[in-house]
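J.: Sharing a structure here in structure tokens format.
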């Protein structure tokens with residue numbers, strides 16, 4: 001019976017999503033149909049309580065602030081300054097300016113929290129420069145696409161905030177846990193570029209005029225704003241001075257100061273950034289509201305418990321379960337964005353993950 005119930009609800013959800021219905025509304029619709037069809041309880045009061053209690057979370061306040069910070073920085077010359085500051089130091093490294101994509105994405109991810117914003121911001125500066133200097137288009141685009149995903153892992157990652165709220169995991173701990181894996185992944189990307197460049201040395205343009213050590217340090221002053229902003233946002237969290245929400249407010253103030261110092265802060269850019277962040281947050285908030293109600297509905301139906309029991313009966317080890325989930329998420333990633341995947345799956349999978357003895361904090365980084 002439970003298998004049929006799950007199949008019916010999943011089929012209805014796929015039909016609604018394929019029909020173009022907004023994800024948040026599709027989640028609410030499945031929750032309503034599930035409660036009406038498989039439980040004796042009316043969905044009205046449960047929906048109101050679930051959405052209000054989820055949406056009024058203090059932790060969730062960090063999300064619109066980090067979105068606003070990213071929108072402000074997107075309208076500044078921060079990425080251009082990072083390119084100027086990084087390029088002189090990379091002329092002797094195999095791959096040369098290809099590494100600016102990776103390091104630039106790593107730094108910008110640490111202040112924007114968004115992979116899309118990271119790709120767009122670094123790409124609009126780096127790609128024309130790499131093309132002008134004759135770097136292979138495949139490597140220029142590949143390094144940007146790969147390094148752009150670091151925004152999912154390096155704090156203040158927007159998707160980490162969504163996961164923390166959906167799975168009831170400390171966002172500050174998620175941020176701390178994402179730093180070293182993010183740096184390690186960026187290092188592996190750079191290592192691959194080095195190896196590829198050594199094997200394909202004829203495809204890498206010759207270095208520009210060599211710069212002196214003094215000129216390199218002079219160019220490094222362009223990195224000061226981004227370093228200070230990273231230190232202010234992440235340093236306040238790691239030192240325990242501020243929560244993730246308070247650190248987000250620090251980031252907004254810092255990004256406004258940077259925009260003002262670069263003379264890119266105007267009435268138009270200020271309200272443009274504010275409206276951009278508002279539109280994006282409203283989309284995410286609707287998805288989270290639908291997820292909150294769907295989680296409640298699934299609990300009444302009993303699907304998470306039955307799924308956990310079914311997977312437990314399969315006798316999968318935690319390692320095999322992680323492999324299966326990795327394949328599952330890769331397949332979902334072909335059709336849905338990261339935030340939607342997290343919201344859609346956490347309500348059902350989290351009890352299974354906990355039953356397998358996997359730490360939700362560790363799984364969030366995984």
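Numbering (this note's numbering), first residue to last: 1 to 366.
Ideal placement from N, C-alpha and C gives every residue a C-beta, glycine not left out.
Computed from a predicted model, the values in this text were never measured in an experiment.
1) For the stretch 261 to 312, list the alpha helix (DSSP H) runs that are entirely contained and at least 4 residues long, ordered along the chain.
2) Looking only at its chain, what residues have a beta carbon closer than 7 Å to the beta carbon of residue 109, apart from the 5 residues adjacent to it on each side?
3) So residue 363 is in the alpha helix (DSSP H); what residue range does that whole segment cover?
4) Exposed or buried, what is residue 346 when buried is set at 16 or more other beta-carbons lying within 10 Å of its beta-carbon?
5) Compute the distance between the beta-carbons of residue 322 and residue 358, then report whether it is under 9 Å.
6) Look at the alpha carbon of residue 299 and the alpha carbon of residue 24, and state the distance between them as a whole number of angstroms.
7) Judging by CA-CA distance, which residue of 37, 91, 330 is the nearest neighbour of residue 9?
8) What did DSSP end up calling residue 153 once you bin it into helix, strand or coil?
9) Starting from residue 214, follow the alpha helix (DSSP H) in both directions and report where the run begins and ends.
10) Which residue comes first and which comes last in the alpha helix (DSSP H) that contains residue 348?
11) Could you give the DSSP three-state label for residue 101: helix, strand or coil?
12) Within 10 Å of its beta-carbon, does residue 367 have 16 or more other beta-carbons around it, so buried, or fewer, so exposed?
13) Could you check the C-alpha separation between residue 1 and residue 11 for me, to the nearest Å?
14) Are the beta-carbon atoms of residue 233 and residue 181 separated by less than 9 Å?
15) Sorted by chain position, which residues of the same chain lie with C-beta nearer than 8 Å to residue 251's C-beta, five sequence neighbours on each side aside?
16) Between the Cα of residue 343 and those of 87, 320, 288, 333, spot the shortest distance and give me the residue it belongs to.
17) Three or more C-beta pairs closer than 8 Å, one from the stretch 253 to 269 and one from the stretch 52 to 62: is that the case here?
18) In three-state DSSP terms, what is residue 245?
19) For residue 362 and residue 123, what's the separation of their Cα atoms in angstroms?
20) Can you tell me whether residue 1 is helix, strand or coil according to DSSP?
21) Thinking C-beta only, is residue 126 closer than 9 Å to residue 145?
22) State the Cα-Cα distance for the pair residue 84 and residue 317, rounded to the nearest angstrom.
23) Apart from the five residues on each side of it in sequence, which residues of its chain come closer than 6 Å, Cβ to Cβ, to residue 295?
24) Expressed to the nearest angstrom, what Euclidean distance is found between the alpha-carbon atoms of residue 31 and residue 256?
25) Please list, in chain order, all residues of the same chain as residue 35 whose beta carbon is under 8 Å from its beta carbon, the five residues on each side excluded.
26) From the DSSP output, in three-state form, read off residue 431 for me.
T.: In short:
1) 267 to 301
2) 118, 150, 151, 154
3) 360 to 365
4) buried
5) yes
6) 18 Å
7) 37
8) coil
9) 213 to 219
10) 338 to 355
11) helix
12) Only positions 1 to 366 of the chain appear in this structure, which leaves residue 367 out of reach.
13) For residue 1, the predicted structure reports a pLDDT of 48, less than 50, and the residue's modelled location is therefore unreliable. A value from the coordinates is still provided. Cα to Cα, residue 1 sits roughly 15 Å from residue 11.
14) no
15) 65, 66, 69, 111, 156, 229, 232, 233
16) 288
17) no
18) helix
19) 31 Å
20) Residue confidence is low: residue 1 scores 48 on pLDDT, short of 50, so the model does not pin down where it sits. No coordinate-derived value is stated.
21) no
22) 49 Å
23) 347
24) 41 Å
25) 41, 42, 43, 46, 297, 300, 301
26) For the chain, the structure presents residues 1 to 366; residue 431 sits outside this window and is missing.
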